[in-house]
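Trainee:
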Amino acid sequence: MRIIYDCDPGVDDTYALIYFAAAAHAGTHELECVTTTSGNVDADQCARNAAWILTLCGLPIIPLAAGIPEPLGWDLTTAPETHGDTGLGYAHAPERHVEHDWDRLWIDAIDRGTEDLHLIVTGPMTNLAAFRRLHPEHYAKLRHITVMGGAFTYPGNTTPTAEWNFWVDPHAAKEVFADAPAPITVCPLNATEQMLLTPERLEHIKHTLGAAPIAEQLDSITRFYFEFHEEMGEGYQAQIHDLFTVLTATSAITPEPQLTTVDVEADSDLTRGTSVADTKDFWERDPNAAIITHTDTATIEHAWTLFDDASHILSRIAAGDAALEKLRHLRAED
């Protein structure tokens, strides 16, 4: 599977990037490019964060660019109270030059074929909606899209009814669902809030990562997120939404989707960003989404086991595992 990963790092995006870095090292998935959107912090800072995380995971040479800096219809709101001033909790990514040719990276990936190409969006859908406007012919070729966003008959995490990504840029979400090139897999809060990281599990992950440089930064990155969840009454733990989403997108876990029609409220102050699923076909529209409305304990435990496997790969890379390098090159030749 080839991946375009569009994200807004972000603490939970960090864990998704770790997983993708390990998959790229092992040759199980090809990370075509990483692009960023403004959400948890601005798009340029997100790009610096993503580049640093990938470098710490031994994957510094991945095409990477910042995308659209502002939402389509509202002023940008970021989340320093959730992810820290720079998006990575108490950690700080080094300054670096940021490219902005994000749409060219997408076009190049699409031109190489779309049957095995999966676009995964774990931030606001600004870039995806902008791509639809800028490059409609390439947008129409997309066959596999997974997004983290929404809440369906489930409390929001930004307003009583709205999830953060859809709330930040509701016009983008609404546009994409109104003209989806194929049914979009949606991982909403209903499922992603069950992907809980505890301090005990974090210690286990750090131990499994061994000498991988990312292990030294995970405390600083994650502790702020733990503290935020505790302040919100969720306990000293963290919801790792984006890791659940990328594991679902790559079929590493297979929660049951519900095929339906989704729309998003874009203009109301009261219900901005609220996602609605027409499960009874009142609108009589063709389905545009497959939503993951629930998961279970066994699936979550399996997801963390898969992340352990990814952490072990990065540990072996850091230790100079020649056998793993040979396997990666053999898969690349295939």
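Numbering (our numbering), first residue to last: 218 to 551. A virtual CB, placed ideally from N, CA and C, is assigned to each residue, including glycine.
Going by beta carbon distance, what residues of the same chain come within less than 8 Å of Pro-416, once the five residues before and after it are set aside?
Mentor: These residues qualify, in order along the chain: Phe-443, Tyr-453 and Gln-454.
Trainee: With distance defined between alpha-carbon atoms, name the residue in Ala-395, Val-364 and Ala-397 nearest to Trp-381.
Mentor: Of the candidates Ala-395, Val-364 and Ala-397, the one whose C-alpha sits nearest the C-alpha of Trp-381 is Val-364.
Trainee: In angstroms, rounded to a whole number, what distance separates the CA positions of Asp-495 and Val-479?
Mentor: Answer to the nearest angstrom: the Cα atoms are 6 Å apart.
Trainee: Restricting to Cα atoms, I'd like to know which of Met-449, Ala-264, Asn-344 and Ser-255 is closest to Pro-311.
Mentor: Comparing Cα-Cα distances from Pro-311 to each of Met-449, Ala-264, Asn-344 and Ser-255, the minimum goes to Ala-264.
Trainee: Excluding sequence positions up to five away, which residues of its chain have a Cβ less than 7 Å from the Cβ of Trp-319?
Mentor: Cβ within range, chain order: Thr-252, Ala-282, Ala-283, Gly-284 and Asn-344.
Trainee: Give me the DSSP bridge partner(s) of Leu-476.
Mentor: Paired residues: Ala-507.
Trainee: Which value, in whole angstroms, describes the spacing of the CA atoms of Glu-410 and Ile-509?
Mentor: Roughly 12 Å between the two C-alpha positions.
Trainee: What's the C-alpha gap between Leu-271 and His-242?
Mentor: For Leu-271 and His-242, the distance between alpha carbons rounds to 11 Å.
Trainee: Apart from the five residues just before and just after Ala-399, which ones in its own chain have a Cβ nearer than 8 Å to its Cβ?
Mentor: So the list reads Leu-359, Arg-360, His-361 and Ile-362, once near-sequence residues are dropped.
Trainee: Report the residue from Leu-406, Gly-367 and Arg-219 whose alpha carbon sits nearest the alpha carbon of Ile-327.
Mentor: Closest option to Ile-327, Cα to Cα, is Arg-219.
Trainee: Taking the Cβ atom as the reference point for each residue, do Pro-405 and Phe-369 lie within a distance shorter than 7 Å?
Mentor: Yes, the pair counts as a contact, with Cβ atoms nearer than the cut-off.
Trainee: Can you check DSSP and say which residues form a bridge with Val-385?
Mentor: According to DSSP, Val-385 bridges with nothing at all.
Trainee: Would you identify the three-state DSSP class for Asp-552, choosing helix, strand or coil?
Mentor: The chain is shown from 218 up to 551; residue 552 falls before or after that span and cannot be answered.
Trainee: Comparing alpha-carbon positions, which option in Glu-249, Pro-372 and Phe-383 lies nearest Thr-331?
Mentor: Closest option to Thr-331, Cα to Cα, is Glu-249.
Trainee: Quick one: Cα of Phe-499 to Cα of Gly-490, how far?
Mentor: Taking the straight line joining both Cα atoms gives about 21 Å.
Trainee: Using CA atoms only, rank isn't needed, just tell me which of Ile-431, Leu-234, Phe-394 and Cys-224 is closest to Asp-503.
Mentor: Comparing Cα-Cα distances from Asp-503 to each of Ile-431, Leu-234, Phe-394 and Cys-224, the minimum goes to Phe-394.
Trainee: Can you have a look at Ala-379 and say buried or exposed, based on whether 16 or more other CB atoms are within 10 angstroms of its CB?
Mentor: Buried, since its Cβ has 16 or more Cβ neighbours within 10 Å.
Trainee: From Ala-536 to Thr-425, what does the alpha carbon distance come to, in whole angstroms?
Mentor: Going by the C-alpha atoms only, they are around 12 Å apart.
Trainee: Could you pull the start and end residues of the alpha helix (DSSP H) that Glu-518 belongs to?
Mentor: Looking at the DSSP string, the run of the alpha helix (DSSP H) that includes Glu-518 is 514-535.
Trainee: Is Asp-229 closer than 7 Å to His-458 when the C-beta atoms are compared?
Mentor: Contact: yes.
Trainee: Going by DSSP, which residues form a beta bridge with Ser-437?
Mentor: DSSP, once it has assigned bridges, lists no residue as partnering Ser-437.
Trainee: So, do the stretch 511-523 and the stretch 462-479 have three or more beta carbon pairs nearer to each other than 8 Å?
Mentor: With the cut-off at 8 Å, the stretch 511-523 and the stretch 462-479 touch.
Trainee: From Arg-313 to Pro-226, what does the alpha carbon distance come to, in whole angstroms?
Mentor: Between Arg-313 and Pro-226, the C-alpha separation is close to 15 Å.
Trainee: Might you give, ordered along the chain, the residues of its own chain that have their beta carbon closer than 6 Å to the beta carbon of Val-315, omitting 5 neighbours on each side?
Mentor: Taken in chain order, the residues that qualify are Asp-261, Ala-264 and Ala-283.
Trainee: Would the beta-carbon of Ile-337 fall within 7 Å of that of Ala-466?
Mentor: Cβ distance < 7 Å, so Ile-337 and Ala-466 count as in contact.
Trainee: Using DSSP with H/G/I as helix, E/B as strand and the rest coil, what is Val-338?
Mentor: Note: Val-338 maps to strand in three-state DSSP.
Trainee: Once the 5 residues before and after Trp-521 are set aside, which same chain residues still bring their CB inside 7 Å of it?
Mentor: Correct list, in chain order: Arg-418.
Trainee: Can you give me the Cβ contacts of Ala-240 inside the same chain, cut-off strictly under 6 Å, excluding the 5 residues immediately before and after it?
Mentor: Result list for Ala-240: His-246, in chain order.
Trainee: What residues are listed by DSSP as bridge partners for Cys-404?
Mentor: Looking at the DSSP assignment, Cys-404 forms a beta bridge with Met-365.
Trainee: Give the straight-line distance between the Cα atoms of Trp-269 and His-388, rounded to the nearest whole angstrom.
Mentor: Those two C-alpha atoms are separated by around 30 Å.
Trainee: Going straight from the alpha carbon of Leu-293 to that of Leu-460, what length do you get?
Mentor: So the two alpha carbons sit approximately 24 Å from each other.
Trainee: Between the C-alpha atoms of Ala-346 and Asn-374, what's the straight-line distance to the nearest angstrom?
Mentor: If you take the alpha carbons of Ala-346 and Asn-374, they lie about 23 Å apart.
Trainee: Could you check if Ser-528 is buried or exposed, using at least 16 other CB atoms within 10 Å of its CB as the buried criterion?
Mentor: Buried: at least 16 other Cβ atoms inside 10 Å.
Trainee: Figure out for me which residue from His-355, Trp-384 and Leu-351 has the closest Cα to the Cα of Ser-255.
Mentor: Closest by alpha carbon: Trp-384.
Trainee: Pick helix, strand or coil for Leu-281, following the three-state DSSP scheme.
Mentor: The answer is strand: DSSP assigns Leu-281 an E or B state.
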